[in-house]
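Enquirer: Quick one: structure below, then a few questions.
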Amino acid sequence: MKYIITIFIGCIILVGVIVYVENGEVTMEEGNNSETSSEVKEQVKEEDSSSAEEELNEGQHQLKANEIYSWIGENALKLKGEFGEPNRVDITPYNYEWWVYDMEEIYIQFGVREDAIVTVFTNHEAANIGPIQLGESYEYVQEYYDFNEKVSLHGQYRSFQFELNEEELLSRPMAAINNEVWAQFYFDVYHNELSSIRYVDQETLLLQQPYDIVFRGDMPESKELTDDEWKKVEEGQAKQVLALTNKIRERHGLQPLEWDDSTAYVAYLHSYDMYQEGYFSHTSPNYGELKDRLEGEDVLFQLAAENIAAYYVDAIGAVEGWLNSEGHRINLLHEDFTHLGVGVYRDYYTQNFLTPR
Numbered sequence: 001m002k003y004i005i006t007i008f009i010g011c012i013i014l015v016g017v018i019v020y021v022e023n024g025e026v027t028m029e030e031g032n033n034s035e036t037s038s039e040v041k042e043q044v045k046e047e048d049s050s051s052a053e054e055e056l057n058e059g060q061h062q063l064k065a066n067e068i069y070s071w072i073g074e075n076a077l078k079l080k081g082e083f084g085e086p087n088r089v090d091i092t093p094y095n096y097e098w099w100v101y102d103m104e105e106i107y108i109q110f111g112v113r114e115d116a117i118v119t120v121f122t123n124h125e126a127a128n129i130g131p132i133q134l135g136e137s138y139e140y141v142q143e144y145y146d147f148n149e150k151v152s153l154h155g156q157y158r159s160f161q162f163e164l165n166e167e168e169l170l171s172r173p174m175a176a177i178n179n180e181v182w183a184q185f186y187f188d189v190y191h192n193e194l195s196s197i198r199y200v201d202q203e204t205l206l207l208q209q210p211y212d213i214v215f216r217g218d219m220p221e222s223k224e225l226t227d228d229e230w231k232k233v234e235e236g237q238a239k240q241v242l243a244l245t246n247k248i249r250e251r252h253g254l255q256p257l258e259w260d261d262s263t264a265y266v267a268y269l270h271s272y273d274m275y276q277e278g279y280f281s282h283t284s285p286n287y288g289e290l291k292d293r294l295e296g297e298d299v300l301f302q303l304a305a306e307n308i309a310a311y312y313v314d315a316i317g318a319v320e321g322w323l324n325s326e327g328h329r330i331n332l333l334h335e336d337f338t339h340l341g342v343g344v345y346r347d348y349y350t351q352n353f354l355t356p357r
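Reading the sequence shown from the start, the letters are residues 1 to 357 in the UniProt record's numbering.
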């Protein structure tokens, strides 16, 4: 029997807050998801265009020599032979593991399922994503790829159609690279430039369902995770949020943030609390505002801020979402912050920025 099902993805939500402590006085500024504003460009430090060139190592040569989408479908042993051991392997809820190569000269993530590469993500300028490059404008990229509100996929006895809203079409459109590979383009809408790119095969795209979808036939399913497996997923996502945040700061000429365990614990408790209590806010009905929660764990600070997000596919989506929301962007690119703690519980994300006292 044939049937058609429509799935509407829950509204992705973001909220940011910043707390100042000066001479014992506390002030707070709160921002939420808002329309694009040119004023943000004046509040964040522009990228230093005069960065010195670095000598390419073998891994960088591989990134430049081969378009990275061509890794989709390749064996993981070949990847290891050319790039070496990953810095870290993070499990995901989508039946694959992230092999994370996080080095000064390279940042790239390969998703591996049953020894085959099924997805690749990078926000590193050295990567070959020809005929375009990271940093190109939306209009330039659109000359090479057809961005549409409705994108169709087909399989044997199955059909699928993703439906993108206006915001998604402008900030994270998708397009077919070939019959086997799709690309999601993450744009920095404030600078009108390509921030990062994710390549993915069809099954993984359907497992993640990053947009509303209408389909006929069977949908692939992710395996159920145990609590211990979810804990590993959440720990990996938190580390990715730190790495992606620092790559964005580096791109804008800012110092990287150091990990802070105590602040990360506060962030984790807030993500857990939001999930368990069914709310989405900086104000916990149980533990209060950011200031209260930090002080409750004896975290001393001069300056603190918090970004929260929910219902994103993963850390990549959450960080790129924060980058495109005014208040969150200010927190990400605030030059006075020195430390970061991140806590993830299921699909709730909290990052707490800190300047210690």
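Idealized CB from N, CA, C, for every residue including glycine.
Excluding sequence positions up to five away, which residues of its chain have a Cβ less than 8 angstroms from the Cβ of residue 97?
Expert: The beta carbon of residue 97 is closer than 8 angstroms to those of 89, 90, 91, 111, 112 and 113 in its chain, skipping five residues each way along the sequence.
Enquirer: Is it buried or exposed, residue 136, if we count other Cβ atoms within 10 angstroms and call 16 or more buried?
Expert: With 16 or more Cβ atoms within 10 Å of its Cβ, residue 136 is classed as buried.
Enquirer: By Cβ distance below 6 angstroms, which residues in the same chain neighbour residue 119 in space, the five residues on each side in sequence not counted?
Expert: The answer, listed in chain order, is 111, 200 and 204.
Enquirer: With H, G and I counted as helix, E and B as strand and the rest as coil, what does DSSP make of residue 221?
Expert: coil
Enquirer: Assign residue 313 to one of three DSSP states: helix, strand, or coil.
Expert: coil
Enquirer: Sort out for me which residues DSSP pairs residue 349 with in a bridge.
Expert: 309 and 344
Enquirer: Assuming residue 151 contacts residue 161 under a Cβ cut-off of 8 angstroms, what Cβ separation, rounded to an integer in Å, is found between them?
Expert: 7 angstroms
Enquirer: Residue 163 lies in the beta strand (DSSP E); which residues open and close that run?
Expert: 158-163
Enquirer: Give me, in chain order, the residues of the same chain whose beta-carbon lies closer than 8 angstroms to that of residue 337; leave out the 5 immediate sequence neighbours on both sides.
Expert: 257, 303, 305, 331, 353, 354 and 355
Enquirer: Which same chain residues end up closer than 6 angstroms to residue 315 when comparing Cβ atoms and leaving out the 5 residues on each side of it in sequence?
Expert: 237, 240 and 241
Enquirer: Within its chain, find whatever has a CB closer than 6 angstroms to the CB of residue 145; leave out the 5 residues flanking it on each side and keep chain order.
Expert: 175
Enquirer: For the alpha helix (DSSP H) that residue 230 lies in, which residues bound it at each end?
Expert: Segment 227-251, the alpha helix (DSSP H) holding residue 230.
Enquirer: Is residue 179 helix, strand or coil when you go by DSSP?
Expert: coil
Enquirer: For residue 127, does the three-state DSSP call read helix, strand or coil?
Expert: coil
Enquirer: Who pairs with residue 201 in a beta bridge, going by DSSP?
Expert: Note: residue 201 sits in a beta bridge opposite 181.
Enquirer: Below 8 angstroms, can you find three or more Cβ-Cβ pairs linking the segment 266-282 to the segment 333-350?
Expert: Yes, the segment 266-282 is in contact with the segment 333-350.
Enquirer: Determine, using beta carbons only, whether residue 330 comes closer than 8 angstroms to chain C.
Expert: In the structure shown, chain C cannot be found, because there is only a single protein chain.
Enquirer: Could you check the C-alpha separation between residue 259 and residue 159 for me, to the nearest Å?
Expert: 44 angstroms
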